[in-house]
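Chemist:
Chains as they are written, first to last, in this note's numbering: chain A, 1 to 189; chain B, 190 to 382.
1) Check whether the stretch 120–132 of chain A and the stretch 74–91 of chain A touch, using three or more Cβ-Cβ pairs below 8 Å as the test.
2) Report buried or exposed for residue 25 of chain A, applying the criterion of at least 16 other Cβ atoms within 10 angstroms of its Cβ.
3) For a contact meaning CB atoms closer than 7 Å, what does residue 372 of chain B contact in chain A?
4) Under a CB-based cut-off of 8 Å, is residue 356 of chain B close to chain A?
5) What residue range is occupied by the uninterrupted alpha helix (DSSP H) comprising residue 239 of chain B?
6) What residues match up with residue 329 of chain B in a beta bridge as DSSP calls it?
7) Take residue 317 of chain B and list the residues in its own chain whose beta-carbon comes closer than 7 Å to its own, dropping the five residues that flank it on each side.
8) Let me know the secondary structure DSSP gives residue 26 of chain A once reduced to three states.
9) When Cβ atoms are compared, which residues of the stretch 28–48 of chain A fall closer than 9 Å to chain B?
10) Does the distance from the C-beta atom of residue 330 of chain B to that of residue 319 of chain B stay below 8 Å?
11) Within 10 angstroms of the Cβ of residue 51 of chain A, are there 16 or more other Cβ atoms? Answer buried if so, exposed if not.
12) Cβ atoms of residue 291 of chain B and residue 40 of chain A: under 8 Å apart, would you say?
13) Where residue 118 of chain A and residue 110 of chain A are concerned, what is the direct C-alpha to C-alpha distance, given to the nearest angstrom?
14) I want to verify the contact list: residues of chain A whose CB lies under 8 Å from the CB of residue 282 of chain B, in sequence order.
15) Comparing the C-beta of residue 118 of chain A with each C-beta of chain B, is any distance below 8 Å?
16) Once the 5 residues before and after residue 23 of chain A are set aside, which same chain residues still bring their CB inside 7 Å of it?
17) Taking the alpha-carbon positions, what's the residue 200 of chain A to residue 120 of chain A distance?
18) Contact defined as beta carbons within less than 8 Å: I believe residue 244 of chain B pairs with residue 367 of chain B. What is the distance between those atoms, to the nearest angstrom?
19) Given a cut-off of 8 Å on the beta-carbon distance, is the pair residue 220 of chain B and residue 253 of chain B in contact?
20) According to DSSP, simplified to helix, strand and coil, what is residue 162 of chain B?
21) DSSP three-state label for residue 211 of chain B, please.
22) How would you label residue 313 of chain B, buried or exposed, when you count the other beta carbons within 10 angstroms and need 16 or more for buried?
23) Would you call the stretch 138–158 of chain A and the stretch 79–88 of chain A touching, i.e. three or more CB-CB distances under 8 Å?
24) Along chain A, which residues have their Cβ under 7 Å away from the Cβ of residue 290 of chain B?
25) Can you give me the start and stop residues for the beta strand (DSSP E) that residue 374 of chain B sits inside?
26) Tell me the DSSP secondary structure of residue 339 of chain B in three-state form.
27) Excluding the 5 residues flanking residue 1 of chain A on each side, which residues of the same chain have their C-beta closer than 6 Å to its C-beta?
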């Protein structure tokens with residue numbers, strides 16, 4: 001099944017979740033690497049890939065947001081407390097927000113830098129810059145916002161992973177497994 | 190009457206100008222060995238970008254020699270050596286990038302040099318210069334178009350243009366966002382030695 005039910009995630013949601021998860025981990029690593037390596041030629045290429053994958057995450061995140069709003073959300077186990085539901089809800093909202101805001105702030109860096117390096121996404125098509133004024137100060141501002149949000153995102157991802165592991169290993173419920181897509185529960189709706 | 194005077198003036202002017210131009214093109218008087226002088230010369234380059242303004246800049250330090258055989262341009266020669274660390278684009282961060290190992294690697298490479306192997310006259314005041322360009326340990330053929338701009342007592346100046354590919358020299362970072370082609374636009378003023 002492609003669509004979610006109240007019992008489990010459909011394949012579209014599962015594919016989006018894991019694709020974006022891998023992309024976020026990759027982007028985070030790439031983002032740190034491209035800034036720290038000494039080889040400037042490799043650094044230039046890595047920055048172009050970072051821009052391309054960031055835009056891919058942005059596109060996937062928009063689609064994922066629409067998909068989430070248009071699909072039923074699998075219910076949490078009945079014994080989940082109100083506080084846990086609140087924490088899960090806000091973490092998920094923040095993760096969705098950052099999936100969209102992180103690429104946008106990256107795009108803002110590329111759009112404000114005086115270096116004016118065009119964005120050629122995946123070496124396939126030109127992505128125009130956002131209509132922002134170029135200056136070293138604007139670039140530095142967006143770069144620090146992007147950097148800080150990157151750390152916030154890392155924290156949220158860790159929280160999300162720990163919560164999933166807690167569900168699986170401590171609470172012994174199906175919350176993690178249903179996102180693996182392995183043996184989705186029988187649709188009893 | 191008035192028309193007649195104009196015609197006469199034109200005839201006289203023409204008579205004056207044409208020999209002067211011919212004299213300038215007759216390189217016999219200009220034969221000799223010249224040193225390229227940084228004052229009066231400029232060595233500019235531009236690289237187009239897939240979108241936006243691309244990169245343009247110049248080299249501030251270079252030297253070279255022109256040997257003119259007035260009777261036989263084919264026996265004339267040009268050599269020029271550019272100091273890559275003197276690259277200037279007006280944007281420090283671009284300069285730093287160009288000087289890094291991504292492009293010129295100025296920590297290890299101290300010269301970009303061109304030596305002509307043949308000069309062929311293509312017009313009254315123009316010639317095609319072929320030769321070998323060496324940069325970052327790679328040597329590859331390069332061709333430039335030269336036009337005699339002006340000459341005076343003990344000096345001569347040329348306008349030289351040419352397209353050089355970056356890839357043969359391992360400097361094709363950023364392609365295809367930035368063109369593989371570097372467009373050179375040089376004014377070389379040389380003084381007789």
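Note that beta-carbon positions come from the ideal geometry of N, C-alpha and C, so glycine has one too.
Modeler: Quick answer:
1) no
2) Residue 25 of chain A sits at position 25 when you count from the first residue of the first chain. Exposed is the call here.
3) Here residue 372 of chain B refers to the residue found at position 183 of the second chain. Those within 7 Å of residue 372 of chain B in chain A number zero; the least Cβ separation is about 18 Å.
4) For the purposes of this step, residue 356 of chain B is taken as the residue at position 167 of the second chain. Residue 356 of chain B does not count as touching chain A.
5) As a working mapping, residue 239 of chain B is identified with position 50 in the second chain. No alpha helix (DSSP H) contains residue 239 of chain B, which DSSP labels as neither H nor E.
6) Indexing the second chain from 1 puts residue 329 of chain B at position 140. Beta-bridge pairing links residue 329 of chain B to B:322.
7) Residue mapping note: residue 317 of chain B aligns to position 128 of the second chain, counting from 1. For residue 317 of chain B, where only same-chain residues beyond five positions count, the Cβ hits under 7 Å are 309, 311, 332, 334.
8) For the purposes of this step, residue 26 of chain A is taken as the residue at position 26 of the first chain. Three-state DSSP puts residue 26 of chain A in a helix.
9) 38, 39, 40, 41, 42, 43, 44, 45, 48
10) Numbered from 1 along the second chain, position 141 holds the residue referred to as residue 330 of chain B. Numbered from 1 along the second chain, position 130 holds the residue referred to as residue 319 of chain B. Yes, Cβ-Cβ distance for residue 330 of chain B and residue 319 of chain B is below 8 Å.
11) The residue labelled residue 51 of chain A in the question sits at position 51 within the first chain. Classification for residue 51 of chain A: buried.
12) In the first chain, residue 40 of chain A corresponds to position 40, counting from 1. In the second chain, residue 291 of chain B corresponds to position 102, counting from 1. For residue 40 of chain A and residue 291 of chain B, yes; Cβs fall inside 8 Å.
13) Working through the first chain from its first residue, we reach residue 118 of chain A at position 118. Working through the first chain from its first residue, we reach residue 110 of chain A at position 110. If you take the alpha carbons of residue 118 of chain A and residue 110 of chain A, they lie about 8 Å apart.
14) Locating residue 282 of chain B in the second chain gives position 93, counting from the first residue. Going along chain A in sequence order, the residues near residue 282 of chain B (Cβ under 8 Å) are 114, 115.
15) Taking the first chain and counting its residues from 1, one reaches residue 118 of chain A at position 118. Yes, residue 118 of chain A counts as interfacial toward chain B.
16) Along the first chain, one-based indexing puts residue 23 of chain A at 23. The residues are 53, 56, 57.
17) What the structure shows of chain A is the stretch from 1 to 189, and residue 200 of chain A is not part of that stretch, so it cannot be assessed.
18) Taking the first residue of the second chain as 1, we reach residue 244 of chain B at position 55. Taking the first residue of the second chain as 1, we reach residue 367 of chain B at position 178. Yes, residue 244 of chain B and residue 367 of chain B are in contact; Cβ-Cβ is about 7 Å, under 8 Å.
19) As a position in the second chain, residue 220 of chain B is number 31, starting the count at 1. As a position in the second chain, residue 253 of chain B is number 64, starting the count at 1. Contact flag unset, no.
20) Not covered by the structure: residue 162 of chain B. The range shown for chain B is 190 to 382.
21) Position 22 of the second chain, counted from the first residue, corresponds to residue 211 of chain B. In this prediction, residue 211 of chain B scores a pLDDT of 45, lower than 50, which makes its location untrustworthy; no coordinate-derived value is stated.
22) Along the second chain, read from residue 1 onward, the residue named residue 313 of chain B stands at position 124. Residue 313 of chain B should be labelled exposed.
23) no
24) Position 101 of the second chain, counted from the start, is the residue given in the question as residue 290 of chain B. Near residue 290 of chain B (Cβ distances below 7 Å), the residues of chain A are 39, 40, 41.
25) Taking the second chain and counting its residues from 1, one reaches residue 374 of chain B at position 185. Looking at the DSSP string, the run of the beta strand (DSSP E) that includes residue 374 of chain B is 367–381.
26) Position 150 of the second chain, counted from the first residue, corresponds to residue 339 of chain B. Three-state result, residue 339 of chain B: strand.
27) Taking the first chain and counting its residues from 1, the one referred to as residue 1 of chain A is at position 1. The answer, listed in chain order, is 10.
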